[in-house]
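**Student:**
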Amino acid sequence: MIDGGVASGRRVVAAEKRERAWELRKRGLTYRKIAEVVAAEFGSYSKSQAERDIKRVLDELQERTLDVAAEARAEDLARIDDLMAVWFATALREHERPGMGGAAAEGSTALDAVDWSALPPMELLEAVFKQAMLSKQATEIILKLLEQRAKLLGLHRQEVALTTPAPLVVADLSGMDEDSLNAIVRNLSAALGAGEG
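Counting the sequence shown from 1 gives a position; our numbering is that position plus 366.
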């Protein structure tokens, strides 16, 4: 049975080899050259071990990147939710107008507290115009927030998968215009038609 200290020591050496292999790969060395350098420094290290170690490091980096991205996305979505709550209240708020009666609602603006019946016609028109502009601005902001939310959640992403004996190909086409997408469809149709002859 292997002593816990010996096994722990082997894990430390394996981690050091992996770290050294990654440093060398970042400098552009081939797997064969990495194996030679690491074997000279630590003993017994092959090209296939270098490939496995580099793949493991890349997988760990990708996992950390995905975790950080998921956390950032969650924070951004929470911020968007907070902003939308504020702007929805502004966009949907019903303002008192002359002859509508009723008390000012909680969270109302200074315009809601105006004595509409006492305003001269031009001031009344200006106050109504300000309310309409505020509502329009709030609506535009809400639409922008909804668009950003959809982007963060990937709701507009379009994926194309080619079914061939080759590996699955997935492409994000969300940034392409309709003409470019039509060109891709024509090219794929032509390629599929050429393969049937």
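For every residue, glycine included, the Cβ atom is placed at its ideal position computed from N, Cα and C. Computed from a predicted model, the values in this text were never measured in an experiment.
Based on the DSSP output, what are the partners of Asp442 in its beta bridges?
**Tutor:** BP columns for Asp442 are empty, so no partner.
**Student:** Ordered along the chain, which non-local residues of its own chain (more than five positions away) have a Cβ less than 6 angstroms from that of Ala498?
**Tutor:** Here the set comprises nothing.
**Student:** Starting from the Cα of Gln514, find the closest Cα among Asp442, Ala387, Ser412, Asp433 and give me that residue.
**Tutor:** Here the closest residue by C-alpha is Asp442.
**Student:** Considering only the alpha carbon of each residue, which of Ser374, Leu512, Glu389, Asp433 lies closest to Ala444?
**Tutor:** If we check each option's Cα against that of Ala444, Leu512 comes out closest.
**Student:** Which residue spans inside the stretch 369-395 form an unbroken alpha helix (DSSP H) run of at least 4?
**Tutor:** Segments of the alpha helix (DSSP H) lying fully in the stretch 369-395: 370-392.
**Student:** Does DSSP put Glu462 in a helix, a strand or coil?
**Tutor:** Summary for Glu462: the model assigns pLDDT 38, below 50, so the residue's position carries little reliability; its value from the coordinates is reported in the next sentence. DSSP places Glu462 in coil when its eight states are reduced to three.
**Student:** Please classify Asp538: does DSSP put it in a helix, a strand, or coil?
**Tutor:** Three-state result, Asp538: strand.
**Student:** Determine the closest residue to Ala451 out of Ala380, Leu427, Thr505, Lys413, with distance taken between C-alpha atoms.
**Tutor:** Looking at the Cα atoms, Thr505 is the closest of the given residues.
**Student:** Measure how close the beta-carbons of Val423 and Arg384 come, nearest whole angstrom, since I'm counting them as under 8 angstroms.
**Tutor:** Confirmed, Cβ separation roughly 6 angstroms.
**Student:** With 16 as the cutoff for other CB atoms within 10 Å, does Gly559 come out buried or exposed?
**Tutor:** When all chains shown are included, Gly559 counts as exposed.
**Student:** Under the three-state reduction of DSSP, which class applies to Pro486: helix, strand or coil?
**Tutor:** It is coil, neither helix nor strand.
**Student:** Quick one: what does DSSP say Arg552 is sitting in, helix, strand or coil?
**Tutor:** Helix.
**Student:** Who are the Cβ neighbours of Ala484 in its own chain at under 6 angstroms, not counting the five residues just before and after it?
**Tutor:** Hits under 6 angstroms: none found.
**Student:** Please classify Ala387 as buried or exposed, where buried requires at least 16 other C-beta atoms within 10 Å of its C-beta.
**Tutor:** Counting Cβ neighbours within 10 Å, Ala387 comes out buried, since at least 16 surround it.
**Student:** How many angstroms separate the CA atom of Ser501 from the CA atom of Pro486?
**Tutor:** Roughly 23 angstroms between the two C-alpha positions.
**Student:** To the nearest angstrom, how far is it from the Cα of His461 to the Cα of Glu426?
**Tutor:** Its pLDDT being 45, under 50, His461 is placed unreliably by the model, and the measurement read from it follows with that caveat. One C-alpha to the other measures close to 55 angstroms.
**Student:** Would you call the CB atoms of Ile420 and Arg377 closer than 8 angstroms?
**Tutor:** No, the pair does not count as a contact, with Cβ atoms beyond the cut-off.
**Student:** With a threshold of 16 other CB atoms inside 10 Å of the CB of Val404, please say whether the residue is buried or exposed.
**Tutor:** Buried, since its Cβ has 16 or more Cβ neighbours within 10 Å.
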